[in-house]
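Notes follow once the structure below has been shown.
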Amino acid sequence: MSFKEVRPAQDSLERYGIKNADAKWNLSPSDLEKITLEKGLGELADSGALAIDTGKFKGRSPQDRFIVKDEITQDAVWWGNINIPFEPNHYSSLKGKVGEYLSGKEIYVRDVYACADDRYRLKIRVITELPWSNIFANNMFLRPSEEELKDFEPDWVVLNAPGFEADPATDHTRQGNFAILNFSDQMAVVGGTGYTGEIKKGIFSALNFILPHQKNVLSMHCSANVGQDGDTALFFGLSGTGKTTLSADPQRKLIGDDEHGWTADDVIFNFEGGCYAKVIDLSEEKEPDIFRAVKPGALLENIVFKNGSKEVDYHDSSKTENTRVSYPIEHIDNIQVPSNGENPKNVFFLTCDAYGVLPPISKLTPGQAAFHFISGYTAKVAGTEEGITEPQVAFSACFGAPFMPLHPTRYADMLSEKMQSSNVNVWLVNTGWSGGAYGVGKRMKLKYTRAMITAALEGQLDDVEYRTHEVFGLAMPTTCPNVPEEILFPRNTWENKDQYDQTANNLAKKFLANFEKFADYASDEIMAGAPKVSEKVG
């Protein structure tokens, strides 16, 4: 097959240790799809999307993510079990082996951008062993014009070699797979895993260091949209809290669904040129935008077809719960072009509280906002297995701990400063349980959550009366349009008020226990935002 390539003037790969490779440069997604199908590496779904299997790894492997510890990072990175240090000489050796592995092979090179604000644009070269990994890079990053590609010179390079496995004994990895960031070399090296999210999150992690540490830009794991009056809203939240669903608002244009920067002059910009959405239980009724985006050009990961057909069974989790689709953001109709917004007015922290303790919506002080941002709380239900009904607490600092190289208080301090200088409202929204914990109460209705967010966005909660939560100190509105008043106060929805008090107290203790590792770095204002445990309860 002959394909149209767009090669830059400087197209040598030898500087990355790759020799005599048959490199295909900047092929169109349709050409890469043809190669994938010809090699038997994927199948077309009836929607026209390409379906592939990422192999052994169906998700990221956080314990195998490393950062090279050198002069740039040694005093700046928050080292620990999230940011695991890697020696420079071990990196050089392993990178050399990956280069040798890719040498002589047919490989695929994609030149792309990150950051929709041109002032912070990062030029990225993604070199992949597999053709469909290159489709992912095309979908997820910003796509240069053909003219821009001719003189493209990257700032960062990603080497992606799923077929190469490290030897832990000699390469100093934990096991065969690895993802390593080197800020001096400006490279991300990924091996032993075909999961495409490692490519995306590698660059996201790099930007989470570069932007706040070197550019005075707050980097955020959040979705964003903008209203007709130009007011931007941000939605932070861990998996299952509604971050993608709630930012998809027919009355507002989507800026992006996952990763954004907030500049000193209050511009919000998307890092990406696409979306990477979960598709487990996807339906047109629940997620119309995502459902309709699964069309030619989209890449489906680890899905299962219905028997005897090419129709995706979105309810089948036999391969993984983490079934995914990537697609260019243009697959969504109602988007902001370019992917920038100004004048952020509202920030929403989304949590799915399976204990039924937190209010469905509450307004946060700057100290509370910083505390809850650092905490990054949600609670996951343990599952539907018989006898397992206790929710599981999940804390992820800044709502994205696995991707944050700096200390969480660094991001929180920047957020607090921006809140106060921009007069931003910050809201905590519980999309989880009401009237009791999981197994007793009921999940908050989506229509009520949407009504509360709409009311906040339209200023309808600015002048209402507020009550203070007994334990968490949160300001709860006493009224909200199109929402029953009784659900605004979680204690009132519980039949057993004493049990509510005890559950709230126990959850507060979990918050405080989690925060102990941050307390020495946190200001008095942040600590004042913590819940207060009552010794009289429980």
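Counting in the working numbering, the final residue of the sequence shown is number 523, and the numbers go up one at a time with none missing. Glycine included, each C-beta is placed from N, C-alpha and C at the ideal position. Model, not experiment: these values are computed from the prediction.
Exposed unless 16 or more other CB atoms sit within 10 angstroms - verdict on Ser130: exposed
Distance between Asn162 and Pro153 (C-alpha atoms, nearest Å): 9 Å
So what does DSSP say about Ile288, is it helix, strand or coil? coil
Have a look at Gly212 and Asn325 and give me their C-alpha separation to the nearest angstrom. 12 Å
Excluding five sequence neighbours on each side, which residues of the same chain lie with their C-beta closer than 7 Å to the C-beta of Pro197? Leu203, Ser204, Leu391, Arg395, Tyr396, Met399
If you follow the alpha helix (DSSP H) that Glu510 is in, where does it begin and where does it stop? 509 to 513
Would you mind reading off the limits of the alpha helix (DSSP H) that contains Pro197? 182 to 199
What do you get for Gly81, buried or exposed, if any count of 16 or more other CB atoms within 10 angstroms of its CB means buried? exposed
Taking Val409 and Lys403 to be in contact with their CB atoms under 8 Å, please state how far apart those CB atoms are, rounded to whole angstroms. 7 Å
Taking only the alpha-carbon atoms, compute the straight-line gap between Ser78 and Tyr180 and give it to the nearest angstrom. 23 Å
Alpha-carbon to alpha-carbon, Ala218 and Ala436: 15 Å
So the candidates are Val143, Leu231, Pro323, Lys295; which of them puts its Cα closest to the Cα of Thr336? Leu231
Among all the DSSP beta bridges, which residues are the ones paired with Phe220? Ser208, Phe333
Simplified DSSP assignment, three categories, for Met172: strand
Could you tell me whether the Cβ atoms of Ser381 and Leu239 are closer together than 8 Å? no
Buried or exposed: Lys517, going by 16 or more other Cβ atoms within 10 Å of its Cβ? exposed
Is it the case that the stretch 80 to 97 contacts the stretch -4 to 14, given that we only count it when at least three CB pairs across the two stretches are under 8 Å? yes
In this structure, does DSSP put Gly444 in helix, strand or coil? coil
What are the boundary residues of the beta strand (DSSP E) that includes Asn410? 410 to 415
Given a cut-off of 8 Å on the beta-carbon distance, is the pair Cys260 and Ile188 in contact? no
Quick one: what's got a C-beta closer than 6 Å to Thr305's C-beta in the same chain, skipping five residues either side? Lys43, Asn287
Are the beta-carbon atoms belonging to Val142 and Ile184 less than 8 Å from one another? no
Close beta carbons around Arg128, own chain, < 8 Å, minus the five adjacent residues each side: Val97, Tyr98, Gly258, Pro313
Start-to-end residues for the beta strand (DSSP E) that takes in Ser77: Element bounds for Ser77: not the beta strand (DSSP E) but the alpha helix (DSSP H), 73 to 87.
Would you be able to state if there are at least three C-beta pairs under 8 Å between the stretch 428 to 435 and the stretch 317 to 334? no
Buried or exposed by the 16-neighbour rule on C-beta atoms within 10 Å, applied to Asn5: exposed
Locate the alpha helix (DSSP H) running through Leu400, then write down its first and last residues. 393 to 407
Exposed unless 16 or more other CB atoms sit within 10 angstroms - verdict on Gly33: exposed
Looking only at C-alpha atoms, which of Trp117, Tyr1, Lys41, Glu72 sits nearest to Pro19? A quick correction: the sequence has Lys, not Pro, at residue 19. If we check each option's Cα against that of Lys19, Trp117 comes out closest.
If you follow the alpha helix (DSSP H) that Asn123 is in, where does it begin and where does it stop? 116 to 125
Would you list the residues sitting across from Val62 in a DSSP beta bridge? Beta-bridge pairing links Val62 to no other residue.
Out of Tyr299, Tyr340, Ser347, Pro139, state which residue places its alpha-carbon closest to the alpha-carbon of Ala440. Ser347
Three Cβ pairs or more, each shorter than 8 Å: is that satisfied between the stretch 343 to 360 and the stretch 267 to 283? no
Contact set for Leu446: own chain, Cβ-Cβ below 6 Å, skip 5 residues either direction: Ala440, Pro462
Continuous alpha helix (DSSP H) stretch holding Gln487: start and end: 482 to 504
Quick one, which of Trp64, Leu22, Ser268, Val456 has its alpha-carbon nearest Thr488's? Val456
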